[in-house]
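Chemist: Protein sequences, first through last, are from chains C and X.
When we follow the working numbering, the leftmost residue of the first sequence carries the number 7, and every step to the right adds one.
When we follow the working numbering, the leftmost residue of the second sequence carries the number 7, and every step to the right adds one.
Idealized CB from N, CA, C, for every residue including glycine.
Please read all numbers here as calculations on a predicted model, not as lab measurements.
Below you'll find the structure I mean.
2 protein chains.
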Amino acid sequence: MSTSTPVGPAEAVLMASVARRFYVDGMSKSDIAQQLGMSRFKVARLIDRAIETGLVQIRIGWPGSLDVTLSTDLQERYGLRRALVIDVQDDQPEAQRTALGATAAELLSETVTTADVVGLAWGRSLAAMARSLRRMAACDVVQLTGALQISDDSDSSSVDLVRDVARLGGGAAYYFHIPMIVATGQLGDALRAQPEVARAISRFPAVTKAFVGIGAWYRGGSTVFDALATNEATDLGRAGVCAEISGILIDSSGRPVRVPLVRRTIGISADQLRAVPDVTALAYGADKAQAVAAALHSGLVHGLVTTRDLATALLARPH
Amino acid sequence: MSTSTPVGPAEAVLMASVARRFYVDGMSKSDIAQQLGMSRFKVARLIDRAIETGLVQIRIGWPGSLDVTLSTDLQERYGLRRALVIDVQDDQPEAQRTALGATAAELLSETVTTADVVGLAWGRSLAAMARSLRRMAACDVVQLTGALQISDDSDSSSVDLVRDVARLGGGAAYYFHIPMIVATGQLGDALRAQPEVARAISRFPAVTKAFVGIGAWYRGGSTVFDALATNEATDLGRAGVCAEISGILIDSSGRPVRVPLVRRTIGISADQLRAVPDVTALAYGADKAQAVAAALHSGLVHGLVTTRDLATALLARPH
DNA sequence: ACAGGGATCGCTCAAATGAGCGATCACGGC
DNA sequence: GCCGTGATCGCTCATTTGAGCGATCCCTGT
Numbered sequence: 007m008s009t010s011t012p013v014g015p016a017e018a019v020l021m022a023s024v025a026r027r028f029y030v031d032g033m034s035k036s037d038i039a040q041q042l043g044m045s046r047f048k049v050a051r052l053i054d055r056a057i058e059t060g061l062v063q064i065r066i067g068w069p070g071s072l073d074v075t076l077s078t079d080l081q082e083r084y085g086l087r088r089a090l091v092i093d094v095q096d097d098q099p100e101a102q103r104t105a106l107g108a109t110a111a112e113l114l115s116e117t118v119t120t121a122d123v124v125g126l127a128w129g130r131s132l133a134a135m136a137r138s139l140r141r142m143a144a145c146d147v148v149q150l151t152g153a154l155q156i157s158d159d160s161d162s163s164s165v166d167l168v169r170d171v172a173r174l175g176g177g178a179a180y181y182f183h184i185p186m187i188v189a190t191g192q193l194g195d196a197l198r199a200q201p202e203v204a205r206a207i208s209r210f211p212a213v214t215k216a217f218v219g220i221g222a223w224y225r226g227g228s229t230v231f232d233a234l235a236t237n238e239a240t241d242l243g244r245a246g247v248c249a250e251i252s253g254i255l256i257d258s259s260g261r262p263v264r265v266p267l268v269r270r271t272i273g274i275s276a277d278q279l280r281a282v283p284d285v286t287a288l289a290y291g292a293d294k295a296q297a298v299a300a301a302l303h304s305g306l307v308h309g310l311v312t313t314r315d316l317a318t319a320l321l322a323r324p325h
Numbered sequence: 007m008s009t010s011t012p013v014g015p016a017e018a019v020l021m022a023s024v025a026r027r028f029y030v031d032g033m034s035k036s037d038i039a040q041q042l043g044m045s046r047f048k049v050a051r052l053i054d055r056a057i058e059t060g061l062v063q064i065r066i067g068w069p070g071s072l073d074v075t076l077s078t079d080l081q082e083r084y085g086l087r088r089a090l091v092i093d094v095q096d097d098q099p100e101a102q103r104t105a106l107g108a109t110a111a112e113l114l115s116e117t118v119t120t121a122d123v124v125g126l127a128w129g130r131s132l133a134a135m136a137r138s139l140r141r142m143a144a145c146d147v148v149q150l151t152g153a154l155q156i157s158d159d160s161d162s163s164s165v166d167l168v169r170d171v172a173r174l175g176g177g178a179a180y181y182f183h184i185p186m187i188v189a190t191g192q193l194g195d196a197l198r199a200q201p202e203v204a205r206a207i208s209r210f211p212a213v214t215k216a217f218v219g220i221g222a223w224y225r226g227g228s229t230v231f232d233a234l235a236t237n238e239a240t241d242l243g244r245a246g247v248c249a250e251i252s253g254i255l256i257d258s259s260g261r262p263v264r265v266p267l268v269r270r271t272i273g274i275s276a277d278q279l280r281a282v283p284d285v286t287a288l289a290y291g292a293d294k295a296q297a298v299a300a301a302l303h304s305g306l307v308h309g310l311v312t313t314r315d316l317a318t319a320l321l322a323r324p325h
């Protein structure tokens with residue numbers, strides 16, 4: 007495998023000449039051999055050697071915002087159908103979220119067709135995605151969860167996320183203005199029975215492509231955590247809650263956690279989400295690595311759109 | 007040929023994944039297709055598209071001192087067997103010469119075997135080559151020309167160029183301490199008959215690999231020009247002399263010029279040099295472009311070791 | 001709803017390609 | 001000088017690969 011003979015300059019130039027014909031000009035090895043007066047086997051060996059010695063470097067990547075190497079690594083490591091790692095220099099959360107949203111929006115435009123039924127969860131990343139969305143197939147869009155007050159979000163124009171997205175393409179919108187977390191399970195049941203909520207829920211089984219956020223179970227890591235009283239949230243943490251996918255609470259191994267809060271949550275259930283054939287999660291910030299890893303292991307998520315730092319952190323995790 | 011559809015992020019990552027398997031892991035397209043659950047045709051198309059869109063960039067070149075792209079260009083343009091263009095940043099003639107010599111020395115080490123008989127001309131570049139030479143096959147080394155006073159060369163240790171090179175490998179050295187240009191043709195004939203000179207000349211037909219310098223016909227461009235009286239040199243210029251290869255005078259189209267000076271020159275003749283199966287010339291400095299072009303067109307030279315600026319100038323010439 | 005146009009996809013077959021094998025050549029030790 | 005050793009080279013054949021073609025799918029305009 008190692009270089010048996012040090013490469014002399016004459017051989018280097020010959021290799022370069024052959025490699026250029028082969029890779030750049032797209033010539034066949036036989037033609038190159040004929041043209042240069044050598045056997046095609048020698049051509050093949052020169053090309054192999056050119057790659058071995060690093061004279062020919064094959065760079066896979068883009069000057070653009072997508073780190074395709076990390077993307078494929080992540081994809082293979084976690085068995086994902088799809089992973090998009092954006093290469094954003096700015097480490098301001100705001101900038102990261104905007105870039106993430108833009109990429110997710112492109113993904114949405116690219117993959118969603120009129121035959122699809124899109125499900126959208128709630129969250130700042132999703133709002134950023136909607137804001138960047140320019141092109142959209144004419145398909146139905148279903149709200150997957152209730153809304154939550156977003157603490158630090160100044161522009162609250164994103165209340166009508168589902169409606170806006172659906173309007174862009176011209177499809178039907180299934181949305182409701184109901185909080186995600188309510189005081190009691192009973193109230194939850196009652197709200198689920200509300201016509202507009204029931205209408206959206208009835209469409210959950212039809213959803214073909216869902217876009218969700220992933221929250222980490224600490225202050226500021228999840229809008230669900232922040233929406234709860236501090237002691238309640240920490241109690242849930244002690245009960246094993248590690249992350250939250252579109253309001254679905256999971257433990258560190260990715261299993262849904264059965265707690266009374268589930269009944270108080272208005273939104274898609276673990277089983278219902280599992281039935282969605284294509285779920286893409288949005289997440290950013292290296293702090294969330296553990297939570298996102300749990301989410302990816304849950305089997306609920308098929309794709310991930312994330313940032314470089316989080317992707318690196320995910321790949322750095324053991325096993 | 008142009009990109010029909012803008013590349014979406016999901017497709018980009020898929021292309022990257024496929025490209026990595028193909029180019030980096032060296033997998034067969036069929037295997038990739040099987041592994042990713044698609045047809046091998048789709049794999050092929052994805053790879054083609056990855057190259058088209060620039061996602062996969064194949065870079066041929068070296069971080070080192072050799073510009074292989076220019077080398078092959080030059081090689082093809084002038085029909086050379088071999089062209090080595092060194093990528094030296096420093097534009098000091100001294101630095102250029104040293105780098106040139108080092109590369110030529112590597113070339114010598116690489117290509118010369120014990121079966122060869124090496125012929126060496128005279129010049130600063132050749133001296134630099136000898137200085138950098140570390141490894142050398144045990145073969146005979148023949149001096150091709152007499153020596154000339156080198157005006158600006160402080161270290162005159164290079165008088166024994168041939169002997170030093172031969173000694174490094176352990177082969178026989180055929181050398182003589184005779185000036186290259188003498189006062190009269192008669193004196194030239196007499197010196198050629200000197201035993202040590204005749205001994206070297208008798209080996210000229212056996213030379214298999216010669217290394218020569220190329221001089222341009224203006225002050226400072228050639229040690230031969232500088233060795234002559236000014237009016238004599240300019241007269242020769244008017245007579246059509248454009249360049250000088252190892253003391254052989256040629257015109258701008260590369261044809262040897264028949265002038266009385268030839269008889270006054272102690273060194274290999276045009277016909278004798280033409281009989282050498284492999285002649286490598288060393289040259290640097292963009293000013294010499296015309297002279298080097300003439301030398302390359304003469305058919306006396308099969309290989310060139312040069313610098314980036316001269317190579318660029320050579321490629322910029324019409325036709 | 002439906003037909004036209006365009007892009008995509010997979011198949012066939014011929015050409016290109018690479019692993020393995022024996023022949024040749026250069027080198028080094030006896 | 002002679003033979004063992006190792007590297008290089010070219011050949012054969014099974015596998016891989018690419019151009020062309022028809023079928024299908026998707027989109028769009030009427």
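Give me the residue from V168/X, H183/X and A22/X with the minimum Cα distance to G177/X.
Modeler: For the purposes of this step, residue 177/X is taken as residue 171 along the second sequence, with counting starting at 1. The shortest Cα separation from G177/X among V168/X, H183/X and A22/X belongs to V168/X.
Chemist: Any idea which residues DSSP pairs Q63/C with across the strands?
Modeler: Indexing the first sequence from 1 puts residue 63/C at position 57. DSSP, once it has assigned bridges, lists R65/X as partnering Q63/C.
Chemist: Does DSSP put P283/C in a helix, in a strand, or in coil?
Modeler: By 1-based counting over the first sequence, the position of residue 283/C is 277. Residue state, collapsed to three classes: coil.
Chemist: Does DSSP classify R323/C as helix, strand or coil?
Modeler: In the first sequence, counting from the first residue as 1, residue 323/C sits at position 317. The answer is coil: DSSP assigns R323/C none of H, G, I, E or B.
Chemist: From this set, D293/C, D241/C and F217/C, which residue's C-alpha is nearest S252/C's C-alpha?
Modeler: The sequence position of residue 252/C within the first sequence is 246, counting from 1. Taking only the C-alpha atoms, the option nearest S252/C is F217/C.
Chemist: Should S68/X be flagged as near chain C, meaning a C-beta pair shorter than 8 Å?
Modeler: Locating residue 68/X in the second sequence gives position 62, where the first residue counts as 1. Here the sequence assigns Trp to residue 68/X, which means Ser is not the residue at that position. Chain C contact via Cβ: present.
Chemist: Taking buried to mean at least 16 other C-beta atoms within 10 Å of its own C-beta, is R27/C buried or exposed?
Modeler: Here residue 27/C is taken as the residue at index 21 of the first sequence, counted from 1. Buried, since its Cβ has 16 or more Cβ neighbours within 10 Å.
Chemist: On the DSSP letters alone, give me the boundaries of the alpha helix (DSSP H) that I220/C sits inside.
Modeler: As a position in the first sequence, residue 220/C is number 214, starting the count at 1. Not the alpha helix (DSSP H): I220/C falls in the beta strand (DSSP E), residues K215 to A222.
Chemist: Note down, in chain order, every chain X residue with its Cβ under 7 Å from the Cβ of Q95/C.
Modeler: Against the first sequence, residue 95/C aligns to sequence position 89. Within 7 Å Cβ-Cβ: nothing; Q95/C doesn't reach chain X, min ~18 Å.
Chemist: Which chain X residues are close to T117/C, counting only those with a beta carbon under 9 Å from its beta carbon?
Modeler: Translated into positions along the first sequence, residue 117/C becomes position 111. Within chain X, the residues near T117/C are G14 and A16.
Chemist: For the stretch 118-132 of chain X against the stretch 145-152 of chain X, do three or more pairs of beta-carbon atoms, one drawn from each stretch, fall closer than 8 Å, so that the two count as touching?
Modeler: Segments in contact, yes.
Chemist: Pull up the distance between the alpha-carbon of R130/C and that of G32/C, whole angstroms please.
Modeler: Looking up residue 130/C in the first sequence gives position 124. Looking up residue 32/C in the first sequence gives position 26. Cα to Cα, the separation comes out at about 47 Å.
Chemist: Comparing C-alpha positions only, which one of A222/X, R280/X and S77/X sits nearest to T214/X?
Modeler: Taking the second sequence and counting its residues from 1, the one referred to as residue 214/X is at position 208. Ranking the options by Cα distance to T214/X, first place goes to R280/X.
Chemist: What in chain C is Cβ-close to A206/X, meaning under 7 Å?
Modeler: Looking up residue 206/X in the second sequence gives position 200. Within chain C, no residue comes near A206/X; the closest Cβ sits about 27 Å away, beyond 7 Å.
Chemist: So does A189/C have its beta carbon nearer than 7 Å to some heavy atom of the ligand NAD?
Modeler: Of the ligands one can find in the structure shown there are none, so the ligand NAD has no counterpart to examine.
Chemist: Assess, as a yes-or-no matter, whether the stretch 243-257 of chain C is touched by the stretch 299-313 of chain C under the definition of 3 or more beta carbon pairs within less than 8 Å.
Modeler: yes
Chemist: Mind listing which residues of the stretch 236-256 of chain X have their C-beta closer than 7 Å to chain C's C-betas, in chain order?
Modeler: From the stretch 236-256 of chain X, no residue has a Cβ closer than 7 Å to chain C.
Chemist: Over the uninterrupted beta strand (DSSP E) stretch that includes A249/X, give me the two end residues.
Modeler: Along the second sequence, read from residue 1 onward, the residue named residue 249/X stands at position 243. Start and end: V247 to I251.
Chemist: Per DSSP, which one or two residues make a beta bridge with P262/X?
Modeler: As a first step, residue 262/X is located in the second sequence; it is residue number 256 there, counting from the start. For P262/X, which the question treats as bridged, DSSP gives the partners I256/X.
Chemist: Please check if any C-beta of chain C sits within less than 8 Å of the C-beta of Y29/X.
Modeler: For the purposes of this step, residue 29/X is taken as residue 23 along the second sequence, with counting starting at 1. Closer than 8 Å: yes.
Chemist: What does a CB cutoff of less than 6 Å around A322/X pick up in its chain, not counting 5 residues either side in sequence?
Modeler: As a first step, residue 322/X must be located in the second sequence, where it is residue number 316. There are no such residues.
Chemist: So S23/X contacts chain C; which residues on that side make the cut at Cβ distance below 7 Å?
Modeler: Sequence index remark: in the second sequence, residue 23/X carries index 17 (1-based). One finds T78 and Q81 in chain C with Cβ atoms closer than 7 Å to the Cβ of S23/X, taken in chain order.
Chemist: What's the C-alpha gap between F182/X and D195/X?
Modeler: Taking the second sequence and counting its residues from 1, the one referred to as residue 182/X is at position 176. Taking the second sequence and counting its residues from 1, the one referred to as residue 195/X is at position 189. Taking the straight line from one Cα to the other gives about 15 Å.
Chemist: Measuring only between beta-carbons, confirm whether Q63/X sits less than 8 Å from chain C.
Modeler: Taking the first residue of the second sequence as 1, we reach residue 63/X at position 57. For Q63/X, the answer is yes, since a Cβ of chain C falls inside 8 Å of its Cβ.
Chemist: List, in order along the chain, the chain C residues whose C-beta lies closer than 9 Å to that of T214/X?
Modeler: Locating residue 214/X in the second sequence gives position 208, where the first residue counts as 1. Correct list: empty, because the minimum Cβ distance to chain C is about 15 Å.
Chemist: Between A89/C and chain X, is there a C-beta pair that is closer than 8 Å?
Modeler: Within the first sequence, residue 89/C is the residue found at index 83, counting from 1. With 8 Å as the cut-off, A89/C counts as an interface residue toward chain X.
Chemist: Taking the alpha-carbon of E371/X as reference, which of A136/X, D122/X and A121/X has the nearest alpha-carbon?
Modeler: Absent from the structure is residue 371/X, since the part of chain X shown begins at 7 and ends at 325.
Chemist: Are the C-beta of V285/X and some C-beta of chain C separated by less than 8 Å?
Modeler: On the second sequence, residue 285/X is found 279 positions in, with the first residue counted as 1. Closer than 8 Å: no.
Chemist: Distance cutoff 8 Å, beta carbons only. Does E112/X sit that close to anything in chain C?
Modeler: Locating residue 112/X in the second sequence gives position 106, counting from the first residue. With 8 Å as the cut-off, E112/X counts as an interface residue toward chain C.
Chemist: Which word fits A222/X, buried or exposed, when buried means at least 16 other C-beta atoms lie within 10 angstroms of its C-beta?
Modeler: In the second sequence, residue 222/X corresponds to position 216, counting from 1. Buried, since its Cβ has 16 or more Cβ neighbours within 10 Å.
Chemist: Under three-state DSSP, which class holds T109/C?
Modeler: Sequence index remark: in the first sequence, residue 109/C carries index 103 (1-based). Looking at T109/C - three-state DSSP - the assignment turns out to be helix.
Chemist: Any idea which residues DSSP pairs T151/C with across the strands?
Modeler: Stepping through the first sequence from its first residue, residue 151/C is reached at position 145. Answer is G273/C.
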